[in-house]
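For the sequence shown, the residue numbers in mature numbering (1 follows the signal peptide of the UniProt record, and there is no 0) are -19 to -1, 1 to 65. Report on the structure given below.
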Amino acid sequence: MSLRSLALLSLCVFLTACNKINQENYSQIKSGMTKVEVEKLLGAPTDCSGALGMSSCTWGDEKTFISVQYAGDKVLMYSGQGLK
């Protein structure tokens, strides 16, 4: 195996291991958690929006994502798709 192939393989393994958008982390989200607790688990969200004390944040992309809806600072509902 060439050095270039080995480096590419190592990078792929590293990136997969660093992905926080997975079933294991999704299973740790609970209603009532704070935004800070969720962001500690998943990192910074990809997108957030909200109004009047309600907000929604998403981590990931169109195929693989975790979406969390907050009432104030607390998790109200959450969903995920394409998680492994």
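For glycine and all other residues, C-beta sits at the position ideal for the given N, C-alpha and C.
By the neighbour-count definition (other C-beta atoms within 10 Å, threshold 16), V17 is an exposed residue. The beta-carbon distance between I2 and F46, rounded to whole angstroms, is 7 Å. This is short enough to meet the 8 Å contact definition. A buried status is given to G61, since no fewer than 16 other beta-carbon atoms sit within 10 Å of its beta-carbon. CA-CA distance, K55 to S(-18), rounds to 50 Å. Counting only residues of its own chain and dropping the five nearest sequence neighbours on each side, Y7 has a CB closer than 7 Å to the CB of I47, G61, L64.
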